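Visitor:
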């Protein structure tokens with residue numbers, strides 16, 4: 017390491033090459049960049065010009081400096097510089113023992129520890145020393161014997177922090193014999209930074225049993241944070257964060273998560289200087305608090321910074337029901353008032369909306385009550401009793417208070433009572449009694465009340481008495497001074513029946529006024545479990561003593577949930593506290609419906625820092641806080657940048673940049689444009705080819721797609737119906753009609769286009785109009801259908817006046833349209849296939865407009881039955897909605913009625929369609945055909 | 099050693115030129131044909147072969163000149179006149195030195211090829227017009243229809259190491275001289291040779307052939323220029339810096355030469371090898387025909 021700089025060189029000898037830099041400088045100075053050689057006939061003229069501008073045959077100084085810098089960078093990079101070297105060492109000589117703590121506390125910077133271990137192993141391996149590896153959280157039967165570095169590295173790779181404490185003592189015992197046999201020459205202990213008796217013992221063992229230099233990697237500078245068991249208080253869930261090093265103030269955030277890992281709430285905590293323990297409080301609604309399964313310190317990835325919560329920390333819900341009339345005017349006389357006030361600090365009260373027990377009890381059960389308190393209810397209706405009984409058997413706790421009604425009830429009829437009661441009550445210390453009011457005397461040791469302080473000022477003046485029998489002492493949880501029970505309890509199924517032999521108000525005793533009452537109710541509440549109505553799940557959780565809880569969700573060393581651990585064993589269901597170990601790693605045991613949480617840190621856990629004073633000879637070192645950075649790649653990168661800069665400079669000096677500027681620009685431009693102007697994909701052509709094939713392979717009728725799907729569907733159906741009529745009646749057998757986009761598709765395949773006018777469709781562009789014009793000029797015919805005969809003003813004979821007609825007029829105004837006329841009586845259209853007088857569609861009465869034929873003199877007109885239209889009218893305009901009249905569904909039923917509904921009009925509409933198709937297909941051939949009789953006659957046949 | 103190799107390269111270059119000559123000849127024919135259509139005769143009676151006109155016999159003329167066939171048709175005597183086809187001597191010279199053997203990427207042809215094409219095409223044109231043409235310093239003037247081929251043969255036999263401006267040994271009065279070259283020799287040498295031509299009384303047409311690179315000087319950066327003729331090297335650190343000076347100097351040279359020509363009544367024509375060869379040929383043709391018609395009128 018260089019003094020003052022955290023820089024070290026892996027190959028410092030290479031630095032000697034820096035001596036070469038002056039030589040390089042001299043060489044660079046000697047050889048200027050080679051100029052480009054150009055043959056140039058007028059060199060003589062050049063020679064006359066520029067004597068003054070004699071170029072020095074040397075490189076400019078900055079280019080030389082750049083190249084020297086380049087060379088220097090390369091030399092430095094080859095010397096393998098390392099920024100902030102870590103400075104591990106493999107202590108001693110001979111076989112090296114590497115001890116690594118892989119408990120939960122080492123998970124906070126596991127990578128650093130493993131990297132440190134790898135570097136130490138690397139050092140030992142390069143020195144030819146065998147290495148033994150011990151992971152202190154692993155079982156004591158692991159391999160201690162030193163082997164070569166590759167095997168150790170493989171084991172290091174497989175090593176992971178465990179979620180439980182180390183078992184150094186067992187390992188020390190197992191190691192003692194191996195250490196004596198092997199004779200390790202040095203020890204490197206990568207400790208977890210936690211002190212305590214265990215660590216000190218192990219340190220002393222290492223020093224005493226292995227007579228070799230010991231290096232201990234202790235603190236890593238980061239405070240170790242842990243999370244102790246929570247306390248569920250009235251309105252908050254409180255957790256204690258603990259830390260090992262209490263010097264400075266610090267803080268953080270606790271995050272509470274539910275079963276699926278979603279964040280439920282956050283709570284900040286802050287350590288004051290010197291403080292080792294601080295509280296964080298979650299103020300959350302009960303429903304949310306009950307969702308909490310896991311609380312963790314944000315940013316701390318250790319199993320110790322995670323606390324798992326189970327049912328014990330859920331706030332219980334207590335249902336209250338009273339036999340007394342609910343008189344809210346005098347609350348102090350209501351027994352429920354005292355119970356409510358007593359349980360409010362630690363539980364939620366469910367007060368049924370309905371006083372009727374038959375309705376209130378199911379409500380409370382459904383609301384998830386853990387305890388149902390019944391104040392002075394004597395008799396229950398049988399179905400309510402059955403419901404309560406099954407609820408208690410499923411795990412509910414029924415808490416009953418005595419009272420006049422209970423005392424009056426028959427003991428035989430009421431089954432939900434832990435002990436048999438004598439009928440009537442007992443009055444102590446009354447004016448007619450010798451006895452005095454009895455104080456509370458004892459709590460049974462097996463009861464949940466065990467350990468409660470006995471308040472001497474409690475006096476019971478009246479009570480209900482139990483029939484003395486053999487079970488009574490076992491069922492008594494609290495007794496008065498004269499031995500009569502104050503509280504009795506008996507299990508029923510998985511639940512409990514608890515009876516206070518006094519009332520819940522102050523009329524029989526002053527117990528409900530005392531703090532003991534609150535504590536007793538708290539204990540009962542904590543004792544009660546939430547009844548699980550599903551039997552199968554309940555069995556696994558609250559089974560007999562021999563039952564076990566299988567691992568459900570376990571924590572790994574980093575505090576993440578894992579689904580399984582091959583070493584984990586099921587937990588006995590006894591409820592006894594369990595120390596975490598390899599067999600019982602922290603986690604949730606049980607099933608989804610009920611589980612028990614095992615945590616790493618006990619409620620009173622501390623995290624003492626590691627104290628190196630116990631080890632007199634050991635060298636104590638910190639873990640490197642940052643990994644060393646290998647600077648060679650960066651130096652080589654800088655050298656490359658210099659190289660590029662040098663190349664650019666040389667290029668610039670030789671004028672290359674100027675000469676190639678256009679080329680570069682054009683290359684960039686080309687690359688840019690290559691994306692934008694890629695040749696159009698070939699499938700567009702394929703689509704139009706397909707269209708052409710479809711149109712050409714068979715003869716088809718075609719309609720123009722307007723974009724209005726209603727009109728288009730009607731056009732298609734109409735042309736399909738016309739095609740059927742054509743196939744049935746004529747020699748033409750068209751295939752299914754084809755929709756045509758006039759803007760894009762080729763029109764020349766179709767002799768006739770049916771074009772319904774949609775006034776709301778956009779006006780065709782001028783290119784489209786030009787295309788239509790060309791189509792009509794090249795022999796195509798278009799049948800425009802304005803479909804507005806009904807809208808036309810009656811009596812108007814001209815064309816126009818409706819939106820569709822106006823649209824058509826606007827459209828045609830851009831086209832070269834000859835004069836039009838209604839079909840005259842001797843037009844070919846009237847004779848092309850059928851003889852027709854008019855041309856109805858769905859509507860009748862609208863004329864069919866065609867190109868006006870040239871006027872002819874009357875003399876010839878009289879002789880000719882048909883007018884010789886030369887060619888076919890390229891435009892036909894109707895307003896009778898032809899397609900609607902032709903339209904049929906595939907079964908041949910007409911889609912739209914004609915107006916008026918006249919079958920003959922339908923038939924005439926078909927005949928009109930057939931005549932139009934024939935007219936467009938045959939042209940004036942039909943006009944000539946009318947002369948056939950005359951021709952035959954002239955031929956003399 | 100050096101001399102031998104020099105001769106060798108010259109020979110090789112001459113061979114190369116000779117090899118290219120048939121192609122160049124064809125090219126020259128093609129170029130000349132495009133111009134030939136506009137070529138006219140003298141338009142006056144004189145000694146010649148083609149018929150010009152019949153004119154009435156004037157008493158005192160030699161009876162032998164009477165065209166009896168024409169005169170038999172009526173009572174007058176006619177004399178058949180022929181168009182004057184006096185041959186004019188036009189000397190041609192092309193600079194075929196090494197400096198002419200230069201072609202940049204921008205040019206259509208090397209300067210020497212362009213010069214030879216011009217020379218042969220002009221020769222073809224002039225020969226077709228019946229002029230006597232000769233290569234100044236290389237051959238005698240000849241009057242022949244295939245003069246262009248013979249010019250080419252002559253060129254093929256001489257090596258390229260001729261002086262850019264040949265000596266005016268046989269230059270005669272009233273002759274025309276067309277010199278095609280790049281005129282890169284020192285100005286005083288050129289001026290001296292032009293003065294020599296002027297003393298011989300010839301009318302000179304200078305055609306300066308330039309490669310586009312020589313005009314625009316598109317060089318930049320550190321460049322070493324080599325003179326192909328002398329082999330001299332000249333290195334420039336930032337070539338773009340002297341481009342302006344160079345162009346000015348080139349224009350100044352051209353101005354000087356053009357001024358000399360104007361003063362002597364000569365013509366000066368510049369041509370860049372990235373332009374087609376017909377351009378200077380047309381211009382030359384225009385100048386030569388203007389000269390001849392002018393001379394005839396005088």
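Chains as they are written, first to last, in this note's numbering: chain Y, 17 to 957; chain V, 99 to 396. Every residue gets a Cβ at the ideal spot worked out from N, C-alpha and C, and that includes glycine. None of these values were measured; they are calculated from a predicted model.
1) Should the segment 604-623 of chain Y be regarded as contacting the segment 239-246 of chain Y, the criterion being three or more beta carbon pairs within less than 8 angstroms?
2) Would you verify that the beta carbon of residue 51 of chain Y is, or is not, closer than 8 angstroms to some beta carbon of chain V?
3) Using a Cβ-Cβ distance cut-off of 8 angstroms, determine whether residue 867 of chain Y contacts chain V.
4) Please state if the CB of residue 203 of chain Y and the CB of residue 169 of chain Y are separated by a distance shorter than 8 angstroms.
5) Beta-carbon separation of residue 851 of chain Y and residue 866 of chain Y under 8 angstroms?
6) Which residues mark the beginning and the end of the alpha helix (DSSP H) in which residue 937 of chain Y is found?
7) Cβ closer than 9 angstroms: which chain Y residues qualify as neighbours of residue 324 of chain V?
8) To the nearest angstrom, how far is the alpha carbon of residue 238 of chain V from that of residue 270 of chain V?
9) Give the straight-line distance between the Cα atoms of residue 413 of chain Y and residue 568 of chain Y, rounded to the nearest whole angstrom.
10) For residue 372 of chain V and chain Y, any beta-carbon pair shorter than 8 angstroms?
11) So which residues on chain Y does residue 200 of chain V lean against when the C-beta distance must stay under 9 angstroms?
12) Beta-carbon within less than 6 angstroms of residue 211 of chain Y's beta-carbon, same chain only, minus the 5 sequence neighbours each way: which residues are those?
13) Using the beta-carbon of each residue, which ones in chain Y are nearer than 8 angstroms to residue 312 of chain V?
14) Residues of chain A with CB closer than 9 angstroms to the CB of residue 348 of chain V, please, in chain order.
15) Let me confirm a value: residue 51 of chain Y is counted as buried when at least 16 other C-beta atoms fall within 10 Å, else exposed. Which label applies?
16) Output the boundary residues of the alpha helix (DSSP H) element that contains residue 212 of chain V.
17) In the structure shown, what three-state DSSP assignment does residue 100 of chain Y receive?
18) Three or more beta-carbon pairs under 8 angstroms between the segment 109-125 of chain Y and the segment 303-314 of chain Y, yes or no?
19) May I ask which residues mark the beginning and end of the alpha helix (DSSP H) holding residue 309 of chain Y?
20) Evaluate residue 233 of chain V with the Cβ neighbour count: other Cβ atoms within 10 Å of its Cβ, from every protein chain shown; 16 or more gives buried, anything less gives exposed.
21) If we define contact as Cβ-Cβ less than 8 angstroms, is residue 330 of chain V a contact residue for chain Y?
22) Residue 280 of chain V and residue 209 of chain V look like a contact to me (Cβ under 8 angstroms); what is the Cβ gap, rounded to whole Å?
23) Are residue 374 of chain Y and residue 397 of chain Y close, meaning C-beta to C-beta below 8 angstroms?
24) Kindly indicate if chain Y contains any beta-carbon less than 8 angstroms away from that of residue 343 of chain V.
25) What residues in the segment 205-237 of chain V bring their beta carbon closer than 9 angstroms to a beta carbon of chain Y?
26) From the beta carbon of residue 64 of chain Y, is the nearest beta carbon of chain V less than 8 angstroms away?
27) Where do the ends of the alpha helix (DSSP H) carrying residue 354 of chain V lie?
28) Contact between the segment 317-331 of chain Y and the segment 489-505 of chain Y: three or more CB pairs below 8 angstroms?
29) Only counting runs of 3 or more residues, tell me where the beta strand (DSSP E) segments fall wholly within the segment 237-278 of chain Y, in order along the chain.
30) Which residues does DSSP list as the beta-bridge partners of residue 458 of chain Y?
31) Pick out whichever of V/202, V/188, V/176, V/204 has its Cα sitting closest to the Cα of residue 223 of chain V.
32) Got a sec, what are the start and stop residues for the beta strand (DSSP E) residue 338 of chain Y sits in?
33) Taking only the alpha-carbon atoms, compute the straight-line gap between residue 741 of chain Y and residue 848 of chain Y and give it to the nearest angstrom.
34) Measure the alpha-carbon distance for residue 383 of chain V versus residue 129 of chain V and round it to whole angstroms.
35) Apart from the five residues just before and just after residue 632 of chain Y, which ones in its own chain have a Cβ nearer than 8 angstroms to its Cβ?
36) Where residue 941 of chain Y and residue 823 of chain Y are concerned, what is the direct C-alpha to C-alpha distance, given to the nearest angstrom?
Guide: Judging by the given coordinates:
1) Taking a cut-off of 8 angstroms for Cβ pairs, the segment 604-623 of chain Y and the segment 239-246 of chain Y touch, as three or more such pairs fall below it.
2) In the first chain, residue 51 of chain Y corresponds to position 35, counting from 1. Residue contact check for residue 51 of chain Y against chain V: a CB pair falls below 8 angstroms.
3) For the purposes of this step, residue 867 of chain Y is taken as residue 851 along the first chain, with counting starting at 1. By this cut-off, residue 867 of chain Y is not an interface position.
4) Residue numbering aside, residue 169 of chain Y sits at position 153 when the first chain is read from its first letter. Residue numbering aside, residue 203 of chain Y sits at position 187 when the first chain is read from its first letter. No, the pair does not count as a contact, with Cβ atoms beyond the cut-off.
5) Counting from one through the first chain, the residue named residue 851 of chain Y turns up at place 835. Counting from one through the first chain, the residue named residue 866 of chain Y turns up at place 850. Judged by their CB atoms, residue 851 of chain Y and residue 866 of chain Y are not nearer to each other than the 8 angstroms cut-off.
6) As a position in the first chain, residue 937 of chain Y is number 921, starting the count at 1. Where residue 937 of chain Y is concerned, the enclosing alpha helix (DSSP H) stretches over 919-938.
7) Locating residue 324 of chain V in the second chain gives position 226, counting from the first residue. Neighbours of residue 324 of chain V across chain Y, judged by C-beta separation under 9 angstroms: 53, 54, 55, 56, 59.
8) By one-based count along the second chain, residue 238 of chain V stands at place 140. By one-based count along the second chain, residue 270 of chain V stands at place 172. In this structure, the CA atom of residue 238 of chain V is about 12 angstroms from the CA atom of residue 270 of chain V.
9) Counting from 1 along the first chain, the entry for residue 413 of chain Y is found at position 397. Counting from 1 along the first chain, the entry for residue 568 of chain Y is found at position 552. One alpha carbon belongs to residue 413 of chain Y, the other to residue 568 of chain Y, and they sit about 27 angstroms apart.
10) Within the second chain, residue 372 of chain V is the residue found at index 274, counting from 1. Not an interface residue.
11) Numbered from 1 along the second chain, position 102 holds the residue referred to as residue 200 of chain V. Identification of chain Y residues near residue 200 of chain V by a Cβ-Cβ cut-off of 9 angstroms yields 55, 56, 57, ordered along the chain.
12) In the first chain, the residue the question calls residue 211 of chain Y occupies position 195. Answer for residue 211 of chain Y: 624, 625, 626, 627, listed in chain order.
13) Working through the second chain from its first residue, we reach residue 312 of chain V at position 214. Neighbours of residue 312 of chain V in chain Y, taken as residues whose beta carbon is under 8 angstroms from its own, are 56, 57, 58 in chain order.
14) In the displayed structure, chain A is absent; the protein chains listed are Y and V.
15) Position 35 of the first chain, counted from the first residue, corresponds to residue 51 of chain Y. Burial call: buried.
16) Counted from its first residue, the second chain places residue 212 of chain V at position 114. In the DSSP annotation of this structure, the continuous segment of the alpha helix (DSSP H) that includes residue 212 of chain V starts and ends at 209-226.
17) What you label residue 100 of chain Y is simply residue 84 of the first chain in a count that begins at 1. Correct three-state label for residue 100 of chain Y: coil.
18) Segments in contact, no.
19) Working through the first chain from its first residue, we reach residue 309 of chain Y at position 293. Element bounds for residue 309 of chain Y: n/a, residue is neither H nor E.
20) Translated into the one-based positions of the second chain, residue 233 of chain V becomes position 135. Per the 10 Å Cβ criterion, buried.
21) Residue mapping note: residue 330 of chain V aligns to position 232 of the second chain, counting from 1. Closer than 8 angstroms to some Cβ of chain Y, the Cβ of residue 330 of chain V qualifies, so yes.
22) Here residue 280 of chain V refers to the residue found at position 182 when the second chain is read from its first residue. Here residue 209 of chain V refers to the residue found at position 111 when the second chain is read from its first residue. Between the beta-carbon of residue 280 of chain V and that of residue 209 of chain V there is about 6 angstroms, and that keeps the pair under the 8 angstroms contact cut.
23) Counted from its first residue, the first chain places residue 374 of chain Y at position 358. Counted from its first residue, the first chain places residue 397 of chain Y at position 381. Taking 8 angstroms as the Cβ cut-off, residue 374 of chain Y and residue 397 of chain Y qualify as a contacting pair.
24) Here residue 343 of chain V refers to the residue found at position 245 when the second chain is read from its first residue. Yes, because at least one Cβ of chain Y sits closer than 8 angstroms to the Cβ of residue 343 of chain V.
25) Listed by position, the residues of the segment 205-237 of chain V near chain Y (Cβ gap below 9 angstroms) are 209.
26) The sequence position of residue 64 of chain Y within the first chain is 48, counting from 1. For residue 64 of chain Y, the answer is yes, since a Cβ of chain V falls inside 8 angstroms of its Cβ.
27) If you number the second chain from 1, residue 354 of chain V lands on position 256. Looking at the DSSP string, the run of the alpha helix (DSSP H) that includes residue 354 of chain V is 341-362.
28) The answer is no - the segment 489-505 of chain Y does not touch the segment 317-331 of chain Y, with fewer than three Cβ pairs under 8 angstroms.
29) Counting only runs of at least 3 residues, the segment 237-278 of chain Y fully encloses the following beta strand (DSSP E) elements, listed from N- to C-terminal order: 241-243, 253-259, 266-273.
30) For the purposes of this step, residue 458 of chain Y is identified with residue 442 of the first chain, where counting begins at 1. Beta bridge pairing from DSSP links residue 458 of chain Y with Y/495.
31) The residue you call residue 223 of chain V lines up with position 125 of the second chain. The residue with the shortest Cα to Cα distance from residue 223 of chain V is V/188.
32) Position 322 of the first chain, counted from the first residue, corresponds to residue 338 of chain Y. Here the beta strand (DSSP E) through residue 338 of chain Y covers 332-338.
33) Along the first chain, read from residue 1 onward, the residue named residue 741 of chain Y stands at position 725. Along the first chain, read from residue 1 onward, the residue named residue 848 of chain Y stands at position 832. Distance between the alpha carbons of residue 741 of chain Y and residue 848 of chain Y: 15 angstroms.
34) Numbered from its first residue, the second chain carries residue 383 of chain V at position 285. Numbered from its first residue, the second chain carries residue 129 of chain V at position 31. For residue 383 of chain V and residue 129 of chain V, the distance between alpha carbons rounds to 12 angstroms.
35) Here residue 632 of chain Y refers to the residue found at position 616 when the first chain is read from its first residue. Excluding residues up to 5 positions away in sequence, 223 lie with their Cβ nearer than 8 angstroms to the Cβ of residue 632 of chain Y in the same chain.
36) Looking up residue 941 of chain Y in the first chain gives position 925. Looking up residue 823 of chain Y in the first chain gives position 807. The alpha-carbon of residue 941 of chain Y is positioned some 34 angstroms away from that of residue 823 of chain Y.
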